[in-house]
Amino acid sequence: MEFLGYRRTDGTVGIRNHILIMPTVVCANQVARAISANVKGTTWFEHQHGCSQLSPDAAQTARAFIGHGVHPNVYGVVVVGLGCEVVRAQEVAAEIKKQCPYKPVHVVIIQDEGGSYKAIQAGSIAAHHMVLDASVLKRQSIDVSELILGTECGGSDACSGLAANPSLGAASDLLVDAGGTSILAETPELIGAEHIIAGRAVNEDVARRCYATIKACEDSAKAMGVDMRGGNPTPGNIEGGLSSIEEKSLGCVYKGGSRPLQDVIGWAEKITKKGLIYMDTPGNDIEQLTGMVAGGCHICVFTTGRGTPTGSPIAPTIKVSSNTPMYERMKDNMDVNAGTVITGDETVQQVGQRIFAEMLEVASGKITKAEVLGHNDFGIWRIGPTM
Amino acid sequence: MSKFTAIVMKAADNVATVTEKVAANTEVTMNVEGNLLTVCAKDMIPFGHKVAICAISSGEKIIKYGEVIGKATRDIQIGEHTHVHNLGGCRGRGDLEN
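Residue numbers (numbering that gives the first Met the number 0), protein chains in the order written: chain A, 0 to 386; chain B, 0 to 97.
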């Protein structure tokens, strides 16, 4: 089974060919946005971080930037810094270049360029040439075993765990059986379902790390001295019929299908193994998506019951609705309807096959609705205080 | 299949999820691992919400997917809407610590 992708010089595979304009600090957001607006064919993201962070926290932030820069869906990168920040643009660019020597990487430092307009000009010219060069690349047949799927759910309702998540789990199993990789994440939404995922671990060490990761998350929630209900599940989840975090988790865990769990990795860490992998991320949709994409996930399949528009700037994000009324109401955003499981018109397996077929189409170049809408959602999981 | 108006995931479950909005005093039908079960809803049950398919005593575990999703915070009668007003989560309860 194959799809049409871009084979990079180092052998990695991309399913998009983006030129990414990346600010490494909040102070560089405006310049990065202006460069992207100037140069058709580029994408960009913004964030609130990159400075006043302690080193473990700054390292995690830098890991997200570097993971996006080296991502095989990205042809070239313009890294934009201010000049005095903690997460240095020069160092981020150097690490991207070290990991991917073949990749065009250009650094713009606003203070060195002599202000915003000059920085915008320098970055725009560099991006302009990258767009022209990237346009020459041709897609070629790539075996599906090279594809990395990120599974996600957000704005869940009670149908998520009955229809969309089991269907995505079936698609995940199809990919894993074909030799590919699938990511399960969202640690808070495994509270109450840890025995299910840990029970599929390939060895005791992986099982132990599952339990420890989920316990640490629950302990940090409990340290706030409140019932986590209302924060997660959210008011919208509760209106959708979810009554507790356990109920939400037991529906969420279906996204990971039924195949053995190979490993547990940290947020935004590079995905190197095949099969099903658990990445420790927040339940927050944007921080989860950013972590999975920074780890190298090519494509995200995102289930939702309430309806959410989220999309990564560099990894296509396929939206799967858990129920037909929302699919009809939010056709602007939904790519696939799994509500047919609820009405009894299709089985979970049938919808899983439709999701898998859509994944291959999108991997080959079909555009998702979140891409048409211009989503470039990017969220950093902070683990330290702002200084 | 479409004649059923609720889904029961496992035979051990004591709640069902309704697949359409159910008016109070209406029958809810479901397939419990091959057996037809009918319960009369005592309350209006919104789409996607749960209805008790057994009587559940205060403090008793509430089961969906064959797993514990919380405990009853008061006695729940068969046919009652089962949600945050009568179901308490057991996990992430910082409010119950110390």
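Just so it is clear, CB atoms sit at the ideal spot from N, CA and C, and this is done for glycine as well. Note that the structure is predicted; figures quoted are calculated from it, not measured.
Assignment of alpha helix (DSSP H) within the segment 8-79 of chain A, counting only whole runs of 4 or more residues, yields 28-37 and 54-69 in chain order.
Taking 8 angstroms as the threshold, the shortest C-beta distance from B/L86 to chain A falls below it.
For A/T316, the closest of A/V292, A/R305 and A/A337 by C-alpha to C-alpha distance is A/V292.
Residues of chain B with a Cβ closer than 9 angstroms to the Cβ of A/R228 are, in chain order, V83, G87, G88, G91 and R92. For the 8 angstroms CB-CB criterion, A/A157 and B/H48 form a contact. Residues of chain A whose Cβ lies closer than 9 angstroms to the Cβ of B/I62 do not exist; the shortest such Cβ separation is about 10 angstroms.
Listed along chain B, the residues sitting closer than 8 angstroms to A/L161 by beta-carbon distance are I6, M8 and T16.
In the structure shown, A/R328 adopts helical secondary structure according to DSSP, grouped into three states. In this structure, the beta-carbon distance from B/V38 to B/I77 falls below 8 angstroms.
At least one C-beta of chain B is nearer than 8 angstroms to the C-beta of A/G191. By the Cβ criterion, the segment 143-154 of chain A is in contact with the segment 170-188 of chain A, since at least three pairs of Cβ atoms, one from each stretch, lie closer than 8 angstroms. Distance from A/V78 to A/A92 at the Cβ level is roughly 4 angstroms; contact confirmed, criterion being Cβ atoms closer than 8 angstroms.
According to the DSSP assignment, A/F355 belongs to the alpha helix (DSSP H) that extends over V347 to A362. Straight through space, the alpha carbons of A/S242 and A/I382 are spaced by roughly 29 angstroms. With a threshold of 16 other beta carbon atoms within 10 Å, A/P308 meets it and is buried.
The Cβ atoms of A/S181 and A/L275 sit closer than 8 angstroms to each other. Near chain B, meaning a CB-to-CB distance below 7 angstroms, the residues of the segment 215-248 of chain A are E217, A220, K221, A222, M223, G224, V225, D226, M227, R228, I237, G239, G240, S242, S243, I244, E245 and E246. Beta bridge pairing from DSSP links A/T150 with A/V300. Going by C-alpha positions, B/M8 is about 7 angstroms away from B/G65. Shown here, B/H82 sits in coil according to DSSP, grouped into three states, outside any helix or strand.
Interface annotation, B/K41: not in contact with chain A, CB-CB separation never under 8 angstroms. With its beta carbon at least 8 angstroms from every one in chain A, B/K20 lies outside the interface. Between B/K41 and B/E59, the C-beta gap is not smaller than 8 angstroms, which leaves the two residues out of contact. Chain order gives no chain B residues near A/I182, where near means a beta carbon separation below 8 angstroms; the closest approach is about 22 angstroms.
Under DSSP, A/D142 forms a beta bridge with A/E1. Interface annotation, A/D376: not in contact with chain B, CB-CB separation never under 8 angstroms. For A/I276, the enclosing beta strand (DSSP E) covers residues G274 to M278.
A/K318 counts as buried, since no fewer than 16 other beta carbons sit within 10 angstroms of its beta carbon. Within the segment 9-83 of chain B, the runs of beta strand (DSSP E) that reach at least 3 residues and sit entirely inside it are, in chain order, 14-17, 25-31, 34-40, 49-51, 60-63 and 66-71. Under the Cβ criterion of 8 angstroms, B/G58 is not counted among the residues facing chain A. Residue state for A/D376 is assigned as coil, using DSSP reduced to three classes. A/A314 is a Cβ neighbour of A/C296, given a cutoff of 8 angstroms. Taking the CA atoms as reference points, A/L359 sits about 12 angstroms from A/V300.
Assignment of A/L81 by DSSP, reduced to helix, strand and coil, places it in the coil class. The beta-carbon distance between A/G290 and A/W380, rounded to whole angstroms, is 6 angstroms. This is short enough to meet the 8 angstroms contact definition.
Counting the other CB atoms within 10 Å of its CB gives B/L95 a total below 16, which places it among the exposed residues.
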